[in-house]
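Worksheet: the structure to be examined is printed underneath.
In structure tokens:
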């Protein structure tokens, strides 16, 4: 068997040198192309911009024939060449000669099997769940004020988006001298926070852009599990820092300079499994940030090995609270799974000030495709259930809820907040804002858009000031839209919408689904 | 005077500045005509070696001659072009008076006077001058061509390269002329020659 695979390796190397990828013994279909690069050779001026911009080894120039050509099997449809071509002579199309029509065995399934039969490995991917599960956000509609209650024009009247996130006092002291004890809260001027994305999974520049945009808009960014680069400590007051199962980059300074500390238990794209940053991606800067040796694999275990129960979680929460001297809120992030309401209740009772629920549409830098596509539950139902459970138990004020995973627009933000969230995390939306085309190749670390890579030659493709500008624009646009939506509902503060499910109605949902979401059927 | 400066660490090696340069100096100002029909000038190959134009045409690898040039390292890139120095060594070095400074401060070329002696290339401290090998002014002599360098796109408000750069790696601005640039030309000879 081993000699077989060695022979296979040699074959592969030689065939690669020859540049004929389809001729691999026994692997006829493994390198079957998925995309066809349609280049108009009459318009191509051979400037070779596409050749230089392609980071996937898919575009080449043949000087003898004076022609730009592609290795189609390497094309991932990231559209970098399309965006950069000065004569617009490139279009990327599906490789149309697919397999015989079959609704059960889609091309994706067939290709997956070919690839696994070739390699015997686990298929990896990036970004979020792309399967066609129904999205509840698209089946929920908002209310508006007509005649009997006035709508508000946000351009003429004050409209409050400021959100306080963290534990609230049980009741305000009504005596003349206010003696209510305030718990540490984070104050977001817009209820939209950048999702945890670690330095290592995203580029240095992008993280700096996130930090600066969060500073501009008075909201927060999350460091992810990769620690905080010393250069970014100046954005510490806008940083939610993560303590994950690998404990990368965690130190007393790291915790103390942050606005909030987040214990990461799970991630929506890959609930219940850990992470693995390959050694070759651990560059000098990443090794410094993660506090691990350069070139060593950064492996996050699946569970936090000191947390096997709610009681254990309480120990860690209070250890962190002691470390930061009770000055900042502590958050716990879990993936949305079955029984999420009971788990969230336990987390709040364990002393967490914030519980983050990450839905199954949540993105990732790298996850097994099979897990990303099949594990977890939608954020809408998880959110509704958690909010209801905490209210029923009378502990809703003890912690805030942040919804993550699948927030695509300002309407989703409004719906999530009406379903009970105090704020939302946006990850994929932030990536899209800086040029991501959702080619789902983040795990390969050679993002042609310079977003999910730290290769020095690709880094300048996304300068930090571009990211800052575009992310600030996104948040500003969304906050205007949220204000408009609040105004038309007759509300002048995001607080009035929080958990206000009467503003929501369902369209095309079963009674059981409406019950689970805690909303009424449209028309009633 | 405003000239084009590269911003270090922002170049992504796309060479769109060169494309824009070729187009802005073409008659049609349109990429396809500029590249295919309007006096192709070849002199660098893919590995940045000088190629004789006749050979390049035979090899079918035409690369139009732009006035800026992206220098490539494995991981860092930068585009360079003429800085129109306040004390322009090339103007001082030009024996025919082909290079001159116009009233706006730009260092320009009188094409009819250049004989291709290349003292300007020797003198330029930025390596910003290249050879336009398709033109020659000395009949009957196998010429090296004439001087070819950035003219800041003549009539355009900002140079084409600055306008197209996708990461704003080129800026068109006025800066104080560095003191050390005003010194006389000094040439340090390698040890074996000295």
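Chains as they are written, first to last, in our numbering: chain A, 1 to 524; chain B, 1 to 194. Just so it is clear, CB atoms sit at the ideal spot from N, CA and C, and this is done for glycine as well.
#1: Relative to the C-alpha of residue 115/A, which candidate in 34/A, 336/A, 61/A has its C-alpha closest?
#2: I'd like the list of long-range same chain contacts for residue 281/A, defined as Cβ closer than 6 Å, with 5 residues on each side in sequence excluded.
#3: Give every residue of the same chain whose Cβ lies closer than 7 Å to the Cβ of residue 508/A, excluding the five residues on either side of it in the sequence, and list them in chain order.
#4: Kindly provide the ranges of any alpha helix (DSSP H) runs that are 4 or more residues long and lie completely inside the segment 341 to 404 of chain A, ordered along the chain.
#5: For residue 259/A, collect the residues of the same chain with a Cβ closer than 8 Å to its Cβ; drop the 5 residues on either side in sequence, then sort them by chain order.
#6: By the DSSP assignment, the alpha helix (DSSP H) with residue 477/A in it spans what residues?
#7: Within 7 Å of any Cβ in chain A, is that where the Cβ of residue 16/B sits?
#8: Taking 7 Å as the CB-CB limit, is residue 6/B close to chain A?
#9: With distance defined between alpha-carbon atoms, name the residue in 400/A, 371/A, 307/A, 351/A nearest to residue 337/A.
#10: Find out if the Cβ-Cβ distance for the pair residue 79/B, residue 70/B is shorter than 7 Å.
#11: Looking at C-alpha atoms only, which residue of 79/A, 63/A, 428/A, 45/A is the closest neighbour of residue 55/A?
#12: Thinking C-beta only, is residue 351/A closer than 7 Å to residue 391/A?
#13: Are the Cβ atoms of residue 64/B and residue 22/B separated by less than 7 Å?
#14: Helix or strand or just coil, what does DSSP make of residue 428/A?
#15: Is the number of C-beta pairs between the segment 439 to 453 of chain A and the segment 144 to 156 of chain B that are closer than 8 Å three or more?
#16: Taking CB distances under 7 Å as the criterion, tell me whether residue 96/B reaches chain A.
#17: Using alpha carbons as the reference points, say which of 420/A, 401/A, 257/A lies closest to residue 320/A.
#18: Take residue 489/A as the anchor and find which of 148/A, 69/A, 65/A has the nearest alpha-carbon.
#19: Would you say residue 356/A and residue 399/A are within 7 Å of each other, going by their C-beta atoms?
#20: Any C-beta of chain B sitting closer than 7 Å to the C-beta of residue 468/A?
#21: Please decide whether residue 80/B counts as near chain A, where near means a Cβ-Cβ distance under 7 Å.
#22: Below 8 Å on C-beta distance, what does residue 130/B contact in chain A?
#23: Taking just the CA atoms, how far does residue 165/A sit from residue 126/B?
#24: Beta-carbon separation of residue 89/A and residue 40/A under 7 Å?
#25: Since residue 253/A is in the beta strand (DSSP E), which residue starts that stretch and which ends it?
#26: Could you please give the first and the last residue of the uninterrupted beta strand (DSSP E) stretch that includes residue 6/B?
#27: Please list, in chain order, the residues of the segment 16 to 33 of chain B that have any C-beta partner in chain A closer than 7 Å.
#28: Which whole-angstrom value describes the C-beta separation of residue 218/A and residue 189/A, a residue pair presumed to lie in contact below a C-beta threshold of 8 Å?
#29: At a CB-CB cut-off below 8 Å, which residues of chain B make contact with residue 289/A?
#30: Taking residue 342/A and residue 266/A to be in contact with their CB atoms under 8 Å, please state how far apart those CB atoms are, rounded to whole angstroms.
#31: Spatial neighbours of residue 168/A within its chain, please: C-beta separation below 6 Å, excluding the five flanking residues on both sides.
#32: Given a cut-off of 7 Å, decide if residue 264/A and residue 364/A are closer than it, judged by their beta-carbon atoms.
#33: Is the distance from the Cβ of residue 31/B to the Cβ of residue 86/A below 7 Å?
#34: Quick one: grab the DSSP three-state call for residue 242/A.
#35: When you compare the segment 473 to 493 of chain A with the segment 409 to 424 of chain A, are there three or more beta-carbon pairs, one atom per stretch, that lie closer than 8 Å?
#36: I want to see whether chain A comes within less than 7 Å of residue 172/B, judged by CB atoms only; does it?
Looking at the coordinates:
#1: Indexing the first chain from 1 puts residue 115/A at position 115. Closest in alpha carbon position to residue 115/A, among 34/A, 336/A, 61/A, is 34/A.
#2: Numbered from 1 along the first chain, position 281 holds the residue referred to as residue 281/A. So the qualifying residues of the chain are 445.
#3: Taking the first chain and counting its residues from 1, one reaches residue 508/A at position 508. If the five residues before and after residue 508/A are omitted, its C-beta is found closer than 7 Å to the C-beta atoms of 139, all from its own chain and listed in chain order.
#4: 369 to 374, 379 to 392
#5: Your numbering for residue 259/A matches position 259 in the first chain. Closer than 8 Å at Cβ, skipping near neighbours: 186, 220, 236, 237, 238, 239, 240, 328.
#6: Numbered from 1 along the first chain, position 477 holds the residue referred to as residue 477/A. Here the alpha helix (DSSP H) through residue 477/A covers 464 to 488.
#7: Position 16 of the second chain, counting from 1, holds the residue named residue 16/B. Taking Cβ atoms only, chain A reaches closer than 7 Å to residue 16/B, which makes this a yes.
#8: As a working mapping, residue 6/B is identified with position 6 in the second chain. Cβ-Cβ to chain A under 7 Å: no for residue 6/B.
#9: Within the first chain, numbered from 1, the residue matching residue 337/A stands at position 337. Nearest option by C-alpha distance: 371/A.
#10: For the purposes of this step, residue 79/B is identified with residue 79 of the second chain, where counting begins at 1. For the purposes of this step, residue 70/B is identified with residue 70 of the second chain, where counting begins at 1. Result yes, Cβ atoms of residue 79/B and residue 70/B sit closer than 7 Å.
#11: If you number the first chain from 1, residue 55/A lands on position 55. Out of 79/A, 63/A, 428/A, 45/A, 79/A has the C-alpha closest to the C-alpha of residue 55/A.
#12: Here the question's residue 391/A lines up with position 391 in the first chain. Here the question's residue 351/A lines up with position 351 in the first chain. No, Cβ-Cβ distance for residue 391/A and residue 351/A is not below 7 Å.
#13: Here residue 64/B is taken as the residue at index 64 of the second chain, counted from 1. Here residue 22/B is taken as the residue at index 22 of the second chain, counted from 1. Yes, they are a contact pair.
#14: Translated into the one-based positions of the first chain, residue 428/A becomes position 428. Helix, per DSSP.
#15: no
#16: In the second chain, residue 96/B corresponds to position 96, counting from 1. Closer than 7 Å: no.
#17: Within the first chain, residue 320/A is the residue found at index 320, counting from 1. Ranking the options by Cα distance to residue 320/A, first place goes to 257/A.
#18: Within the first chain, residue 489/A is the residue found at index 489, counting from 1. For residue 489/A, the nearest C-alpha among the options comes from 148/A.
#19: For this step, residue 356/A is matched to residue 356 along the first chain. For this step, residue 399/A is matched to residue 399 along the first chain. Taking 7 Å as the Cβ cut-off, residue 356/A and residue 399/A do not qualify as a contacting pair.
#20: What you label residue 468/A is simply residue 468 of the first chain in a count that begins at 1. No, residue 468/A lies away from the interface with chain B (no Cβ there is under 7 Å from its Cβ).
#21: As a first step, residue 80/B is located in the second chain; it is residue number 80 there, counting from the start. No, no contact with chain A.
#22: On the second chain, position 130 is the one that residue 130/B refers to. Neighbours of residue 130/B in chain A, taken as residues whose beta carbon is under 8 Å from its own, are absent, since the nearest beta carbon is some 17 Å off.
#23: Here residue 126/B refers to the residue found at position 126 when the second chain is read from its first residue. Here residue 165/A refers to the residue found at position 165 when the first chain is read from its first residue. So the two alpha carbons sit approximately 56 Å from each other.
#24: Position 89 of the first chain, counted from the start, is the residue given in the question as residue 89/A. Position 40 of the first chain, counted from the start, is the residue given in the question as residue 40/A. Contact flag set, yes.
#25: Translated into the one-based positions of the first chain, residue 253/A becomes position 253. Taken as a continuous stretch (DSSP letters only), residue 253/A belongs to no beta strand (DSSP E), being part of the alpha helix (DSSP H) at 252 to 256.
#26: Counting from one through the second chain, the residue named residue 6/B turns up at place 6. Where residue 6/B is concerned, the enclosing beta strand (DSSP E) stretches over 2 to 6.
#27: 16, 19, 31, 32
#28: Start at 1 with the first residue of the first chain, and residue 218/A comes out as number 218. Start at 1 with the first residue of the first chain, and residue 189/A comes out as number 189. At roughly 3 Å, the Cβ-Cβ gap stays under 8 Å, so residue 218/A and residue 189/A are in contact.
#29: On the first chain, position 289 is the one that residue 289/A refers to. Going along chain B, no residue has its Cβ under 8 Å from residue 289/A, so there is no contact; the nearest lies around 19 Å.
#30: As a position in the first chain, residue 342/A is number 342, starting the count at 1. As a position in the first chain, residue 266/A is number 266, starting the count at 1. Between residue 266/A and residue 342/A the Cβ distance is about 15 Å, and since that is not below 8 Å, they are no contact.
#31: Numbered from 1 along the first chain, position 168 holds the residue referred to as residue 168/A. Around residue 168/A: 397.
#32: As a working note, residue 364/A is residue 364 in the first chain. As a working note, residue 264/A is residue 264 in the first chain. No.
#33: Taking the first residue of the second chain as position 1, residue 31/B is located at position 31. Taking the first residue of the first chain as position 1, residue 86/A is located at position 86. Cβ distance < 7 Å, so residue 31/B and residue 86/A count as in contact.
#34: Looking up residue 242/A in the first chain gives position 242. Three-state DSSP puts residue 242/A in a strand.
#35: yes
#36: As a first step, residue 172/B must be located in the second chain, where it is residue number 172. No, because no Cβ of chain A sits closer than 7 Å to the Cβ of residue 172/B.
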